[in-house]
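Read in our numbering, the sequence shown has 27 at position 27, and its numbers run on one by one without any break.
Just so you know, even glycine gets a beta-carbon here, dropped at the ideal spot from N, CA and C.
The block underneath contains the structure these notes are about, expressed in C-alpha cells.
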Amino acid sequence: QVQLVESGGGLVQAGGSLRLSCAASRSIFSITTMGWFRQAPGKERELVAVINSSGNTNYADSMKGRFTISRDGAKNTVYLQMNSLKVEDTAVYYCRAFARTVYWGQGTQVTVSS
C-alpha cells in the first residue's frame with residue numbers, strides 16, 4: 001500500500017512558477033515509478049512527468065524544458081518544479097505511484113491566470 005499526499009498547488013500568473021510536492025507513505029526507492037499527471041476540465045488525465053526508482057525521468061513533450069521532476073529519498077517526496085507556466089497548464093495535478101498496482105493522490109489544483 002502507498003498513500004500519497006500532494007501539496008503546493010495554487011493560483012499563479014502566466015510566466016510564474018510553482019513547486020508541487022508528493023509525500024509517499026513509504027520509501028520512494030521501493031516504488032517502481034512515481035509521477036505527475038494532470039486533468040483539465042473536460043479533458044482526459046494526461047502524463048506530465050515520471051521518475052523511476054533508478055532516477056530516470058520522462059516528460060510529456062509539452063512540458064520538456066519547463067517542468068522538472070525530482071525526488072528526495074530522505075523525505076520520501078517527489079517534486080514537480082513548474083516554470084514559465086501558461087494558462088493552458090491550469091488543471092488538477094495528481095501524484096501517481098506504481099508499485100505492483102497504481103496509487104493516486106487526491107490532487108492539487110493549479111490555476112494559471114493571464
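Discussion item. Residues in the same chain with beta-carbon distance under 8 Å from Glu46, minus the five sequence neighbours each way, listed in chain order, please.
Written reply: Non-local C-beta neighbours of Glu46 in its own chain, meaning closer than 8 Å and more than five positions away in sequence, comprise Phe37, Arg38, Gln39 and Ala60, ordered along the chain.
Worksheet entry | Range of the contiguous beta strand (DSSP E) that encloses Ile31 | No beta strand (DSSP E) contains Ile31, which DSSP labels as neither H nor E.
Worksheet item: When the Cα of Ser84 is compared with those of Arg100, Ser113, Met34 and Val5, which residue comes out closest?
Response: Looking from the CA of Ser84, the closest CA among Arg100, Ser113, Met34 and Val5 belongs to Ser113.
Fill in: Asp72 burial status per 10 Å Cβ neighbour count (16 or more: buried)
exposed
Discussion item. Can you tell me whether Leu11 is buried or exposed? The criterion is at least 16 other CB atoms within 10 Å of its CB, across all chains shown.
Written reply: exposed
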